[in-house]
Amino acid sequence: MLSKTTLPVVLLTIIMLFACNSASVVADEKEPASPPKGPTGRLLVPAAPNQSIVKGTVSAYCVVSARLLNIKPADQTLYKITLLIESSENAKSFRNFIKDKEGEDIEFYTKEKQLLEIFGKRIKARASYTGDERGGSYWIRDIELIPGK
C-alpha cells in the first residue's frame with residue numbers, strides 16, 4: 013500500500029511520463045525538414061561559392077519587382093542590368109563563373125539602387141552566381157562607373 017505522501021509523487025510521475033510519450037508521438041508525426049529536392053527526387057546541389065570582378069558596358073537596364081522573379085520578400089525593388097562583358101578577374105580565392113563569358117551579354121540583378129544614367133556606360137562591379145543545378149541568376153554589387161567613354 014502507498015502512503016499518503018508517496019501517492020501524489022507516483023501519480024505525478026505517471027502523468028509526466030504519459031505527457032512526454034504523447035509529445036514524442038506528435039513530434040514523430042511531423043515530417044523532418046529536408047533539403048530541397050529536384051524533379052528526380054535527388055537533393056539539389058547549390059552553386060559553389062563564387063565571385064569575380066567584371067567590367068563591361070551596360071546594354072540594358074530596367075527596374076523589376078521581386079514578385080515577378082519569385083524572390084522573397086516580394087515587395088522589394090530589384091534592378092536588372094544587362095552587361096556586355098569586357099573582362100572578368102578572380103576575386104580573392106573564389107571561383108570565377110564568368111571567366112569564359114567575355115563578349116557575351118549577361119543579365120545581372122542587384123538590390124542597389126541604380127540611376128538611369130548607367131545605361132550605355134562602362135562599369136566595374138563584383139559579380140556572383142546564385143542558384144542550384146536547376147538554374148539561378150547572376151548578381152552584382154559595388155557598382156562603379158568607369159571614367160571615359
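Quick note: the sequence shown, position 37, residue 49 per the working numbering, numbers continuous.
Glycine residues also receive a C-beta, built at the ideal position from the N, C-alpha and C atoms.
Just so we're clear, the structure is a prediction, and the values are computed from it rather than from any experiment.
Review point. L90 and A78 look like a contact to me (Cβ under 8 Å); what is the Cβ gap, rounded to whole Å?
Key: 5 Å
Check your understanding: Per the contact definition of three or more C-beta pairs closer than 8 Å, is the stretch 138-156 in contact with the stretch 58-72?
Key -> yes
Check your understanding: What are the complete beta strand (DSSP E) segments, minimum 3 residues, inside the stretch 86-134?
Key -> 89-102, 117-122
Review point. Leaving out the 5 sequence neighbours to the left and right, which residues in its chain are closer than 6 Å to N33 when beta-carbon positions are compared?
Key: Note that N33 has pLDDT 42, beneath the 50 cutoff, so the model's placement of it is unreliable and the number below is only indicative. Counting only Cβ-Cβ distances below 6 Å, and skipping sequence neighbours, we find nothing.
Check your understanding: V70 and K133: beta carbons closer than 8 Å?
Key -> yes
**Study point:** Own chain residues within Cβ distance below 7 Å of F120, not counting five before or after
**Key:** I93, L95, A139, Y150, W151, I152
**Study point:** A137 burial status per 10 Å Cβ neighbour count (16 or more: buried)
**Key:** buried
**Study point:** Alpha-carbon spacing of F109 relative to S64, whole angstroms
**Key:** 7 Å
Practice item. Counting only the same chain and skipping the five closest in sequence on each side, list residues whose C-beta sits under 6 Å from that of D117. Key: S71, T94, L96
Point to revise | CA nearest to the CA of L81, picked from F131, I158, G148 | key: G148
Review point. So, using beta-carbon positions, are I135 and E156 closer together than 8 Å?
Key: yes
**Study point:** Distance, D154 Cα to A103 Cα
**Key:** 13 Å
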